[in-house]
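So the protein sequences, as listed, match chains A and B. First residue of the first sequence: 190, per my numbering; consecutive thereafter. First residue of the second sequence: 96, per my numbering; consecutive thereafter. Every residue gets a Cβ at the ideal spot worked out from N, C-alpha and C, and that includes glycine. Since the model is a prediction, treat every value here as computed from it, not as a measurement.
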Amino acid sequence: MKAIVFGATSGIAEAVLRLWAARGDELYLVARSESRLAAIAADLRARGARSVRTATADLNDPATHSRLFADAGAFDTVLVAHGILGDERDVDLVMRTNLCSPAALLGIAAERAQPGARLAAIGSVAGDRGRATNGLYGASKAGLEAFLSALRQRMFRRGVRVITVKPGFVDTAMTAQMPKSRLFATPANVARGIVRAVDRGTPVAYVPGFWRWIMAVVRAIPETIFRRLAF
Amino acid sequence: MESWGRYPRATQTVQTMRWRSDVPRFDGAKVLPRGQGRSYGDSCLNDGGVLISTAGLDRFIFLDEAGGTLRCEAGVTFEAILDLIVPRGFFLPVVPGTRFVSVGGAIANDIHGKNHHRAGTFGRHVRALELLRSDGSRRVLGPHDPLFAATVGGLGLTGIVTWAEIQLIRVPGPCLRTEAIPFADLDAFLALTRESDGSWDYTVAWIDCLSPKPGRGVFLRGVHAEGAARAPSRRLRVPLDFPAFVLNRHTVRAFNRLYRLATRPGTRLSHYDPFFFPLDSVQGWNRIYGKPGFFQFQCVVPEIGTIGSLLQKVARAGTGSFLSVLKTFGDLPSPGLLSFPRKGFTLALDFPNRGPATLALLDDLEREVRATGGALYPAKDARMSRETFVHGSPRLDQFLPFLDPAFSSSFWRRVTA
């Protein structure tokens, strides 16, 4: 399998890449830091990847996107994994990183995708309902989910599967400052769920799976009550 | 935060390193690198200071299949390495009793395994490592560098190991031909050791601490062999702290009887996993000792007679030890200035923490070890005296100049205060 991974140095992406490398896949990694890409590429080669190529780019600059796809060549799978938690004041930056840039990349990927291809992006359970503590992040992920839903319909007849991955809390650099609870999953655990969802073409995959039930409850709470809750 | 022995507990802040290029903050507080926290006592704790977790430095750098070497970051675990290299026909040169240790931890404690009589310690197979010091310098060290000798077995006190290169061994597959032989006393153990150490890669003995005649046990030996076997499932888990009453003379005796059955005499082909890492199949086994935790006691003494006397003391105290392990160390020199392994006999025991009675027994054992010219293993120690440490570390004076001034640990303050 040939995969292009955007945001390849994120904790979740790296864990997914290790599983793909162990199966002997061909990998094309995109991120901002050349030294981090080099560290990950060496690791993936040792783990058995057939080939690993890397490219540095600032994905918030849409001018880079076409060049990256041209350089990467044909693919079976695209995983869009970059994102930031951000601050409530960083409206532009959060929206551009978590929504605009992924949507633009997925749009190009959709044009180039062959039948049977997989287009996956990392959403979040935070996109299921806005909460007091991370409204902006949740809004960007909700927007991404709507975009992916539309793309899924559009691509269905062409045999291209679109996968929305919705992790809960994952123990990565993004959540380093949060106090850890039993709800936290390891990147390796989440990665197994993502690889399975991509293989099967699962439309919306909660990882770990128990988040499906938690979020069903959270979504069912009437707004008149939800507004009083603070979590 | 706690160590694997869950005694003592310590409060400290944690910094994490995710990339080799990361530079931790050295801002006055004493720091200590920490890998998987599998040391039993306080050598992986830093009460009131900073722990620098290297668990995120878990990448391979280069596997040279022609030369049989592996370069990887310090936080990579032995489990990850074995998963990678065994299917490619390699094995680690030395493995301890658990595969959940990191490369950095294995170097810092200059660990040993069941093949000490043939391979020596892990440090003998490290070809190079990079050390990050608190002055910001990064140095690549080889076995002939004095700072290398201080870092191997140096308990993480000379700097942070960011990566290391290890010489692997070639194996025909994941299997070992193993043999279990019951023996009645320490003389029989000695005879088995003499007979086996020349031709078997791995030898170790399990001792039944509660037998009326101290020294009864089962001798286990193994060699890498051709064949296929599947790794047993790794599912069992201790989900909660056992209350203290679960562990008593009778349950330990029952366990020992079970263990005797499980290691029934005879030769068989075994996957490497249960042979090397029998306790790893029970995740969180340290919780069976409950909240108070437990003490490990591992010594090396020059004479087998001392082992008999130590075992008698333990039998008399009646606070049996689940897994009591006896092994003959060979005479291959350990490369580290503070390395624990040296020629002689090493005995490892564990005791549930029952307060003053346990402490008195440990004191008694420690006195005997010191009097007979032996040493205790820092990685498994929570309470040896300064005197015992100094006696057991003949090259301590050579080590001290290499100590990084920003580094310390709870253990280090205890034994050097």
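Which same chain residues end up closer than 8 Å to residue i when comparing Cβ atoms and leaving out the 5 residues on each side of it in sequence?
{"i": "A:Ile-201", "result": "Ala-270, Ile-311, Pro-356, Val-359, Thr-361, Pro-376, Val-379, Ala-380, Ile-383"}
{"i": "B:Ser-116", "result": "none"}
{"i": "B:Thr-467", "result": "Val-396, Pro-397, Glu-398, Thr-401"}
Based on DSSP bridge pairs, tell me the residues matched to residue i.
{"i": "B:His-366", "result": "B:Cys-270"}
{"i": "A:Arg-307", "result": "A:Thr-266, A:Arg-350"}
{"i": "B:His-319", "result": "B:Leu-271"}
{"i": "B:Glu-225", "result": "B:Val-235, B:Trp-258"}
{"i": "B:Arg-265", "result": "B:Phe-185"}
{"i": "B:Glu-168", "result": "B:Trp-258"}
{"i": "A:Trp-400", "result": "BP columns for A:Trp-400 are empty, so no partner."}
{"i": "A:Ala-244", "result": "A:Val-219"}
{"i": "B:Gly-439", "result": "B:Phe-424"}
{"i": "B:Thr-111", "result": "B:Ser-148"}
{"i": "B:Gln-393", "result": "B:Ala-443"}
{"i": "B:Ala-470", "result": "B:Val-395"}
{"i": "A:Gly-393", "result": "Before going further, note that residue 393 of chain A is Val rather than Gly in the sequence given. A:Thr-353."}
{"i": "B:Ile-276", "result": "B:Phe-314"}
By DSSP, does residue i sit in helix, in strand, or in coil?
{"i": "B:Asp-159", "result": "strand"}
{"i": "A:Thr-413", "result": "helix"}
{"i": "B:Leu-146", "result": "strand"}
{"i": "A:Arg-408", "result": "helix"}
{"i": "B:Tyr-93", "result": "Past the boundaries of the shown model lies residue 93 of chain B; chain B is included only from 96 to 512, so the question cannot be answered."}
{"i": "B:Val-313", "result": "strand"}
{"i": "B:Ser-98", "result": "coil"}
{"i": "A:Ile-273", "result": "coil"}
{"i": "B:Val-299", "result": "strand"}
{"i": "A:Leu-218", "result": "strand"}
{"i": "B:Arg-45", "result": "There is simply no residue 45 of chain B to check, as chain B begins at 96 and stops at 512 in what is shown."}
{"i": "A:Gly-196", "result": "coil"}
In angstroms, rounded to a whole number, what distance separates the CA positions of residue i and residue j?
{"i": "B:His-239", "j": "A:Val-351", "result": "56 Å"}
{"i": "A:Trp-432", "j": "A:Leu-418", "result": "The question about residue 432 of chain A has no answer, for chain A in this structure spans 190 to 420."}
{"i": "A:Arg-234", "j": "A:Val-267", "result": "19 Å"}
{"i": "B:Phe-424", "j": "B:Ser-232", "result": "36 Å"}
{"i": "B:Gly-199", "j": "B:Ser-148", "result": "11 Å"}
{"i": "B:Val-396", "j": "B:Ala-470", "result": "7 Å"}
{"i": "B:Ile-206", "j": "A:Met-404", "result": "47 Å"}
{"i": "B:Ala-452", "j": "B:Arg-133", "result": "25 Å"}
{"i": "B:Glu-274", "j": "B:Leu-364", "result": "9 Å"}
{"i": "A:Phe-415", "j": "A:Gly-316", "result": "15 Å"}
{"i": "A:Val-354", "j": "A:Ala-309", "result": "7 Å"}
{"i": "B:Leu-498", "j": "B:Phe-389", "result": "30 Å"}
{"i": "B:Asp-445", "j": "B:Arg-481", "result": "21 Å"}
{"i": "B:Arg-104", "j": "B:Leu-127", "result": "15 Å"}
{"i": "B:Ala-477", "j": "B:Trp-507", "result": "11 Å"}
{"i": "B:Val-190", "j": "B:Val-118", "result": "30 Å"}
{"i": "B:Val-313", "j": "B:Asp-375", "result": "20 Å"}
{"i": "B:Pro-496", "j": "B:Ala-300", "result": "39 Å"}
{"i": "A:Glu-223", "j": "A:Ile-229", "result": "10 Å"}
Taking the alpha-carbon of residue i as reference, which of the options has the nearest alpha-carbon?
{"i": "B:Gly-249", "options": "B:Gly-100, B:Pro-269, B:Gly-215, B:Asn-204", "result": "B:Asn-204"}
{"i": "B:Gln-110", "options": "A:Val-407, A:Phe-373, A:Ala-365, A:Gly-237", "result": "A:Ala-365"}
{"i": "A:Ala-325", "options": "A:Gln-303, A:Ile-273, A:Phe-345, A:Gly-305", "result": "The question names Ala, but residue 325 of chain A is Leu in the sequence shown. If we check each option's Cα against that of A:Leu-325, A:Ile-273 comes out closest."}
{"i": "B:Val-420", "options": "B:Ala-245, B:Gly-208, B:His-220", "result": "B:Gly-208"}
{"i": "B:Ala-443", "options": "B:Val-118, B:Arg-363, B:Ser-416", "result": "B:Ser-416"}
{"i": "A:Ala-244", "options": "A:Val-349, A:Thr-198, A:Gly-332, A:Leu-308", "result": "A:Thr-198"}
{"i": "A:Leu-258", "options": "A:Glu-277, A:Glu-223, A:Asp-279, A:Gly-296", "result": "Correcting the residue identity first, residue 258 of chain A is Phe in this sequence and not Leu. For the residues A:Glu-277, A:Glu-223, A:Asp-279, A:Gly-296, the minimum Cα distance to A:Phe-258 belongs to A:Gly-296."}
{"i": "B:Thr-362", "options": "B:Pro-277, B:Leu-491, B:Glu-97", "result": "B:Pro-277"}
{"i": "B:Asp-282", "options": "B:Arg-272, B:Phe-185, B:Arg-311", "result": "B:Arg-311"}
{"i": "B:Gly-151", "options": "A:Arg-225, A:Ala-386, A:Arg-242", "result": "A:Arg-225"}
{"i": "A:Leu-248", "options": "A:Leu-206, A:Leu-216, A:Val-194", "result": "A:Val-194"}
{"i": "B:Ala-259", "options": "B:Arg-104, B:Phe-173, B:Asp-296", "result": "B:Phe-173"}
{"i": "A:Ala-238", "options": "A:Ala-211, A:His-254, A:Ile-229", "result": "A:Ala-211"}
{"i": "B:Ile-261", "options": "B:Leu-271, B:His-366, B:Pro-188", "result": "B:Pro-188"}
{"i": "B:Val-256", "options": "B:Gly-123, B:Ala-169, B:Val-181, B:Asp-122", "result": "B:Ala-169"}
{"i": "A:Val-349", "options": "A:Ala-204, A:Ala-298, A:Leu-372", "result": "A:Ala-298"}
{"i": "B:Gly-400", "options": "B:Leu-454, B:Leu-285, B:Tyr-384, B:Gly-379", "result": "B:Leu-285"}
{"i": "B:Gly-100", "options": "B:Arg-490, B:Pro-387, B:Leu-454", "result": "B:Pro-387"}
{"i": "A:Phe-345", "options": "A:Gly-305, A:Val-219, A:Glu-215", "result": "A:Gly-305"}
Note down, in chain order, each residue of its chain lying with its Cβ closer than 7 Å to the Cβ of residue i, except the 5 sequence neighbours on either side.
{"i": "B:Met-479", "result": "Glu-461, Leu-471, Val-510"}
{"i": "B:Arg-265", "result": "Gly-163, Gly-184, Phe-185"}
{"i": "B:Thr-193", "result": "Arg-133, Phe-372, Leu-374, Asp-375"}
{"i": "A:Thr-391", "result": "Ile-352"}
Excluding the 5 residues preceding and the 5 following residue i in the sequence, name in chain order all residues of the same chain whose CB lies nearer than 6 Å to its CB.
{"i": "B:Arg-219", "result": "Pro-430"}
{"i": "A:Tyr-395", "result": "Lys-355, Arg-401"}
{"i": "B:Tyr-384", "result": "Pro-447"}
{"i": "B:Leu-315", "result": "Ala-275, Val-299"}
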